[in-house]
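Working notes, beginning with the structure itself.
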Amino acid sequence: MKFKPSFCSIAVLAIAGLFSSCGGGNNNNSQSGNAIPATKLNGSFVFSANGTDPADGSYFVAGSFTADGKGGLTGIEDLNLGSGVDSNVSFTGTYQVDSAGSVSVTISDGTGVPTFFTFPIPSGSVAAKLSYDGTGSGTVQAQNTSGFTNLGTFAFTLNGQGEGTVTGSGSFTTNAAGSFTAGAENLSDGAFARNNSALNGTLSPMFSGGRGTAVIGADVFSYYAISQTQIVLAGLEDTTLIYGTATKQ
Numbered sequence: 669m670k671f672k673p674s675f676c677s678i679a680v681l682a683i684a685g686l687f688s689s690c691g692g693g694n695n696n697n698s699q700s701g702n703a704i705p706a707t708k709l710n711g712s713f714v715f716s717a718n719g720t721d722p723a724d725g726s727y728f729v730a731g732s733f734t735a736d737g738k739g740g741l742t743g744i745e746d747l748n749l750g751s752g753v754d755s756n757v758s759f760t761g762t763y764q765v766d767s768a769g770s771v772s773v774t775i776s777d778g779t780g781v782p783t784f785f786t787f788p789i790p791s792g793s794v795a796a797k798l799s800y801d802g803t804g805s806g807t808v809q810a811q812n813t814s815g816f817t818n819l820g821t822f823a824f825t826l827n828g829q830g831e832g833t834v835t836g837s838g839s840f841t842t843n844a845a846g847s848f849t850a851g852a853e854n855l856s857d858g859a860f861a862r863n864n865s866a867l868n869g870t871l872s873p874m875f876s877g878g879r880g881t882a883v884i885g886a887d888v889f890s891y892y893a894i895s896q897t898q899i900v901l902a903g904l905e906d907t908t909l910i911y912g913t914a915t916k917q
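Every letter in the sequence shown is one number past the one before it in the numbering used here, and letter 199, counting from 1, is 867.
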C-alpha cells in the first residue's frame, strides 16, 4: 500500500523550488539562488513518522537512507497503515538543500507514486523534526551503528492503535543468539491490559541499512539502529498499528 502525493506536499516542494531558483538580489552571492550545496547532507540517517492520510487513515513509517552528498539517496523503509504493511521496501530518491538549511526529499520505491518529506539538516547526533508527505510528522537523525549488537538489556516504549489506543513499556535481556533470557511488559490496547507480564521474544542481528527484526511478546517488528544504544521499532502486523523505541541499558 502506498500513499498518493498530497497537494500540500507538492505545493511545499514547488515553493521551495521557486525560492531556491530565484536570485538573492544582492552582490554577496553571485550564484543563481542561495541553495546550500548538496554536500551538506552526506552519510546515513534514520527517519520515522506517524500521521493520518486522508485516504488510508493512521500510519507509521520508519526507515534509513544514505545521502551521497550529490543530491541522490538510497534507502529502505517499513510502512504500517494498521490495515496493511509494506515491509523492507527499497527506494531511491533525490534531495535539495535550500538557503535556510532545509532539506526537501523526493523518494520512489518503484510504485510510481512518489513520497515527499522535508527536514532541517540534523546537527550531530541530535534528532531533527521531519514533515512527512504533508500528512505526518516525526524525526530524522544521523545514523552511527558502530558498536551496536543485539546482545544486552533494552528498555522500550510502545504506542499505536489496536482495539483502542496502544501504550506499552518494558524491558528485555538477550543472549548472544538474540533470544530473550528475561523480560517484562506493561501493555494496554483499550480492550485488555497486561501488567508486569513475563516477556518472551527475539532480537535479530542488524543487517543492511541498520535494519533488523524483533519479536516482543506477541508483536512482530522491524527495527532500525540509530546508534549503538538506540533503535526505532516499526510494527509489522497488518491488524495493529504499533511502533516505539528501545534503548540499550
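Backbone N, C-alpha and C fix where the C-beta goes; we use that ideal spot for every residue, glycine too.
Just so it is clear, the structure is predicted and the values come from calculations on it, not from any experiment.
Coil, strand or helix - residue i by DSSP
i: residue 876; result: helix
i: residue 706; result: helix
i: residue 745; result: strand
i: residue 858; result: coil
i: residue 918; result: No statement about residue 918 is possible, as the shown extent of the chain runs from 669 to 917 and does not include it.
i: residue 691; result: Caution is warranted here: a pLDDT of 41 is assigned to residue 691, below 50, making its placement in the model unreliable, and the coordinate value is therefore given only provisionally. Of the three classes helix, strand and coil, the one that applies to residue 691 here is coil, per DSSP.
i: residue 884; result: strand
i: residue 898; result: strand
i: residue 845; result: coil
i: residue 904; result: coil
i: residue 739; result: coil
Buried versus exposed call for residue i [16 or more other C-beta atoms within 10 Å across all chains shown]
i: residue 794; result: exposed
i: residue 707; result: exposed
i: residue 790; result: buried
i: residue 771; result: buried
i: residue 714; result: buried
i: residue 865; result: exposed
i: residue 907; result: exposed
i: residue 808; result: buried
i: residue 912; result: buried
i: residue 926; result: Nothing in the structure corresponds to residue 926, since the chain is present only between 669 and 917.
Chain C within 8 Å of residue i, Cβ atoms only
i: residue 744; result: This model lacks chain C altogether; it includes just one protein chain.
Bridge partners - residue i, DSSP secondary structure assignment
i: residue 775; result: 761 and 783
i: residue 797; result: 807
i: residue 661; result: Lying outside 669 to 917, the shown extent of the chain, residue 661 is not represented and no answer is given.
i: residue 726; result: 720
i: residue 916; result: 822
i: residue 850; result: 841
Residue i and residue j closer than 8 Å at C-beta
i: residue 760; j: residue 775; result: yes
i: residue 730; j: residue 900; result: yes
i: residue 704; j: residue 826; result: no
- Task: Take every Cβ of the stretch 908 to 917, pair it with every Cβ of the stretch 812 to 825, and state whether three or more of those distances are shorter than 8 Å.
- Result: yes
- Query: Touch check for the stretch 806 to 816 and the stretch 889 to 903: three-plus C-beta pairs under 8 Å?
  - Reply: yes
- Give a yes or no on contact between the stretch 862 to 878 and the stretch 835 to 845, applying the rule of three or more CB pairs nearer than 8 Å. yes
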